[in-house]
Structure formats: C-alpha cells, structure tokens
Amino acid sequence: MRTRALLRLRRWRRSVLVACLAALGITGAAGMASGQTAGTVRGAVVDERSRAAVAGALIVLLPLDGDGPSLEFETGSDGRFARSDVVPGLYAVTAALGALQSEVYRVRVRDRRAVEIRFALGPDRGATPWIIAGGARDRLDELFAAGVGANREGAHNEAVTWFTLAAGLDPNCIECHYNVGVAYSALERWPAAERAFEDALAIRRDYTAAYYGLANVFTRSGRPDDAARARDEATRLTLAALEAGRRQAAAEVARGIAFLEAGNVEDARQRFEEAVGGSPGYAPAYYWLGVALTEIGRSGAALTALRRAVSLDGSGEHAADARSRIAALER
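Below, the structure written as structure tokens:
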C-alpha cells in the first residue's frame, strides 16, 4: 500500500514538471524541443559521515535565470545521477533524502557541456535565503504543493525535503516552517519538530497552530510543564481571536441593521453574511440574516439562519422573535 502511494506521489510530481514543459511549448521524449540546446548535470550523493553512496536521493534543480522548468530526479542504486536535457543557464542545485540534505550550490549549465557535482548529505541543514534573489520565487507554490502531497501520502521524509526547499525560497513562509514541524512530529523527531515550530513563531508570535504543535511535541517528549505553557498560550490566542471576531461581527451587524432600516435589504444581507463568516458563533448575526432573507423571500435559507440563532442563544435578546418567525415560516 505504501509503495503504491509513493509511486502515485512521484507520478504526480512528474506531472507537475510535464505541465511546466507543456506550458513552455516543449515536447519530445527527453522533454526538449527539437534542436534546442542542452547540457548535462551529473554526479554522486554520499552520506557525509559514512561516505557511503545514497540511493534514491532527490536531486532538485531550480533555475535562477530564464524561464526553464525546475527539474527533479533521483539517484540510482549506486548513488549516482545524470540528467542530459538541462536547458543552459544558472541553477540552484541541492540533494536531499528525507531529513538529510546537502548544501545548495549554484552551477552554470552550458550547451553540450557536463557539470559534475558531488553531494554530501547531513542532518538539519539550514535554508538558503539567497536563492530567492535569483528569481526563483515562482517555484514556491510547486515545492509547497509537493510537500503537502507527500504529507498526505504519509511520505513525511519527502515532505520535510520539499517544505525545507520551499522555506529556502521564502524564509518568511510561515506555513513552510510549520509543515516541516508537522512532518518531523509524524516522524517523532521531537527536537527537529520543536525547532521548526519555533521558526514559525519567530516569523509571527501569534501563530496559534505552532503553539498547539509545540504542546504536542512537549507532551510526547516528556515535558509536561512546557506542554502546559504552550497549550495555555494557544488557548489564550484562540480566545483573543474569537473575541476580536465577535467585535468585528457586532460592527458588521450594526452596519447591516442601518442598511435594513434604510430599505437596502441586499447590502444588509451582505453585512450579516460577513458577520456570520467572521464569527460563526455570534447568534445576533444569524438572527438578522434570517430577517433579511425573509424580506427577500428566501424562506429556506431564512429558516436555517433563524434556527441557528436559537440554537446558539435560546434565551437571548432575539430568541423569542426568532421562534415566532420560524413558526410563521413553517406554516
């Protein structure tokens, strides 16, 4: 089952690259248009500690000048790789296998010439922010999507690779760091997960999901006091966000009522819907939405909104009127 899942993931990644090639009008078995110039990137990947060859390592080429597609391929059983259809230009090149990653190199590929690279993989390499200066920001979505796909397939080592590369393109990508933490947590690599969640919080201190991630890390790694503090901070931020949403919803309801009293039912409905979207637990927003929907003859939607208002606050200011309106609409 796991093998089939990984095969599907790799086919999906290849389809992304094929789509990039098709968008550029490039065809042919080797991914190159007839007559187009090309160079070769080849080399080997070893473990930096044991110096043993690393099979199945992922090689990623990100173009830093021009519009060529990013490329990804794997080493063979002997740890070696070769790609002979590389569009000439400047590339950022890295190798990775799960949490192990090489340094990131910049290489110039020339027509009908070969570039030889020898990678050494080590744990927890830092991101490489200079890549972004080379114009590779448009690759971020592709790398992030590959990480999401890997996590969904349970290929958490691969997910770490893709999200780390994405964070290299944009060090302020808070979701990249957070998802590295999620993947490391699934691998039960608690120190690495903690660092990733802290990296996310260094970008935005009120990123609630990262505190929940830390609480899980601390709980699983036997640090109950730290877990309690992280969970308390996550709860505080959640409640603060709910209160802020409630205040905004109340302001939207007030605007909607003003529109309603002026006979502008459609704008009133929009304000009430925005209030509901911003604070799904705010009963007055549902009540006034039900009133507006009744005015424009949308009885079914009005019933749903009014019932929701009563379920949220059965003894509140508008509860009795909401029940009367429900009874009238049900007749």
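The numbers in our numbering rise by one with no breaks, and the one at position 86 of the sequence shown is 755. Even glycine gets a Cβ: it sits at the ideal position worked out from N, Cα and C.
| Item | Value |
| --- | --- |
| For leucine 759 versus arginine 779, is the C-beta distance shorter than 8 Å? | no |
| Using a threshold of 8 Å, state whether the C-beta atoms of leucine 740 and arginine 749 are closer than that. | no |
| Determine the contact status of glutamate 717 and leucine 790, defining contact as a CB-CB distance below 8 Å. | yes |
| For the stretch 830–914, which segments carrying the alpha helix (DSSP H) assignment without a break, of at least 4 residues, lie completely within its bounds, in sequence order? | 843–855, 859–872 and 877–889 |
| Considering alanine 722, what are the terminal residues of the beta strand (DSSP E) in which it resides? | Per DSSP, alanine 722 belongs to no beta strand (DSSP E) and is neither H nor E. |
| Would you call the CB atoms of glycine 950 and leucine 981 closer than 8 Å? | yes |
| Does DSSP put arginine 782 in a helix, in a strand, or in coil? | coil |
| According to the Cβ coordinates, are histidine 825 and alanine 852 closer than 8 Å? | yes |
| Give me whichever residues DSSP pairs with glutamate 930 in a beta bridge. | Answer is none; glutamate 930 lacks a bridge partner. |
| For valine 710, list the residues DSSP reports as bridge partners. | Arg752 and Val784 |
| What residue does the beta strand (DSSP E) around alanine 988 start on, and which one ends it? | Looking at the DSSP string, alanine 988 is not in any beta strand (DSSP E); the run it does join, the alpha helix (DSSP H), is 988–999. |
| According to DSSP, leucine 730 sits in a beta bridge with which residue or residues? | Leu740 and Val762 |
| Would you identify the three-state DSSP class for valine 715, choosing helix, strand or coil? | strand |
| Kindly indicate which residue of Leu812, Val729 and Thr963 has the alpha-carbon position closest to the one of valine 755. | Val729 |
| So the alpha helix (DSSP H) tyrosine 955 belongs to, where does it begin and stop? | 952–964 |
| To the nearest whole angstrom, what separates the beta carbons of glycine 959 and alanine 971, a pair I think is in contact under 8 Å? | 5 Å |
| How long is the line joining the alpha carbons of valine 784 and alanine 713, rounded to whole angstroms? | 12 Å |
| What is the DSSP secondary structure of alanine 789, reduced to helix, strand or coil? | strand |
| Give me the residue from His987, Tyr880, Thr833 and Val934 with the minimum Cα distance to proline 953. | His987 |
| Below 6 Å CB to CB, which residues in the same chain sit around phenylalanine 866 once its five sequence neighbours on both sides are set aside? | Gly850, Ala879, Gly882 and Leu883 |
| May I have the straight-line CA-CA distance separating glycine 803 from arginine 858, to the nearest angstrom? | Any reading at glycine 803 needs caution, since the residue's pLDDT is 42, under 50, leaving its predicted position unreliable; the model's value is listed next. Roughly 32 Å separates the two Cα atoms. |
| Closest by CA to aspartate 734, which one among Arg916, Val886, Arg777 and Asp990? | Arg777 |
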